[in-house]
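Single-structure report; data block below.
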Amino acid sequence: MIRFVCLFALTAAIALSAPSQAQSRRELAERIDATEVRLGNLESEFMAGDPVAEALIRRMDELEYQVQSLTGETERLNFENRQLRQQVEALEAEVEANQRPAEPIMDDAAVAWMNEGLDGAAPEVDGSAIAIVDPDDPHAEARAAATGVLGGGGASSVTEMAPVDPAVIFEAARARLVDSDFIGAQAGFEGFIADNPDHALTAQAQYWLGETFYVRSDFTQAADAFIASLRLQPSGEKAPDALVRLAASLHGMGRTEDACSTLARFGRQFPNAAPASQARAARESVRANCR
């Protein structure tokens, strides 16, 4: 409404001030168009400092974080479902194996030992020659190894646990981050990075480690983690967001000039960045009052 009144007033003033013979319809239309352009520019300048617009930007940030949290929660639930399915399948296999009838038999060495005893000879007892084996027992080898030497002092066999997939450790740390267990997530990502310095997910682990520090306002540690992520994968999947978060951390440390110079590199370094990453860079530039 205000814009319409201003437009009408300016149009009337232009119409009255110009000579009557020059006020053709085309000239009048051109003047109206020029006036609308000027009003549009003034409106844009006015909105740049509008507190309502700033509140909308903050609300967009909150909604974006909520979407990221929901995405992470979905990934965590999918991961837990896969783990649960694997556990159920393993349990079903174990139950099926235990339901089979056990038919323990003696091997040839045990039969020979017993026959010698029946003939009246006193065979030399060698525990390693005696083993009761169930061919359907899934743990037959382990049982035989444990009872292979009866009463002897032989070395025991220890079954080593299979190494855990690094991706499982990474996802577990991500799940803790989604659950707002920032200290637990920090420990998980730090352990992953220490054990897997050359893994394909290490750069992302450094990024998410930085997030665990950033949300707790530990901007110095966060900046170090984001820098490490960028060094590992300068053009990686999380590199654009890592650069924006690095600038935000520098701004949080009071180093606004460094933050703005970092954001100035964004367009040159990531010209094809995702629209969401570009929007984050633009919002961070507004927060830091970069020129």
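Residue numbers for the sequence shown follow the numbering used here, beginning at 1240 and rising by one.
Think of the CB as a built atom: it goes at the ideal place given N, C-alpha and C, for glycine as much as any other residue.
The model shown is predicted, which means the values in this text are computed figures rather than measured ones.
Pairing VAL1454 with ALA1464, the inter-Cα distance amounts to about 13 angstroms. Its chain contains THR1441, ALA1444, GLN1445 and LEU1448 as the residues whose beta carbon lies nearer than 8 angstroms to that of ILE1432, once the 5 sequence neighbours on both sides are disregarded; these appear in chain order. With contacts defined as CB atoms closer than 9 angstroms, ASP1434 and PRO1405 qualify as a contacting pair.
The beta carbon of HIS1438 sits closer than 6 angstroms to those of PRO1405, all from its chain and outside the five residues before and after it, given in chain order. Residue state for LEU1482 is assigned as helix, using DSSP reduced to three classes.
Distance from LEU1482 to LEU1469 at the Cβ level is roughly 7 angstroms; contact confirmed, criterion being Cβ atoms closer than 8 angstroms. Using a Cβ distance threshold of 9 angstroms, ALA1414 and ARG1315 count as a contacting pair. Taken through DSSP and simplified to helix, strand or coil, GLY1493 comes out as coil. Straight through space, the alpha carbons of PHE1318 and ARG1494 are spaced by roughly 39 angstroms. PHE1509 is not a Cβ neighbour of SER1488, given a cutoff of 9 angstroms. As the crow flies, the alpha-carbon of VAL1403 is around 36 angstroms from that of PRO1514. The closest CA to that of CYS1499, considering only SER1524, ARG1519 and ALA1424, is found on SER1524.
Counting along the chain, the unbroken alpha helix (DSSP H) around GLY1423 starts and ends at 1421 to 1434. In the three-state DSSP reduction, ALA1512 falls in the coil class, being neither helix nor strand. Within the model, the alpha-carbon separation for GLY1427 versus ALA1412 is close to 5 angstroms. C-alpha of ARG1298 to C-alpha of VAL1407: approximately 34 angstroms in a straight line.
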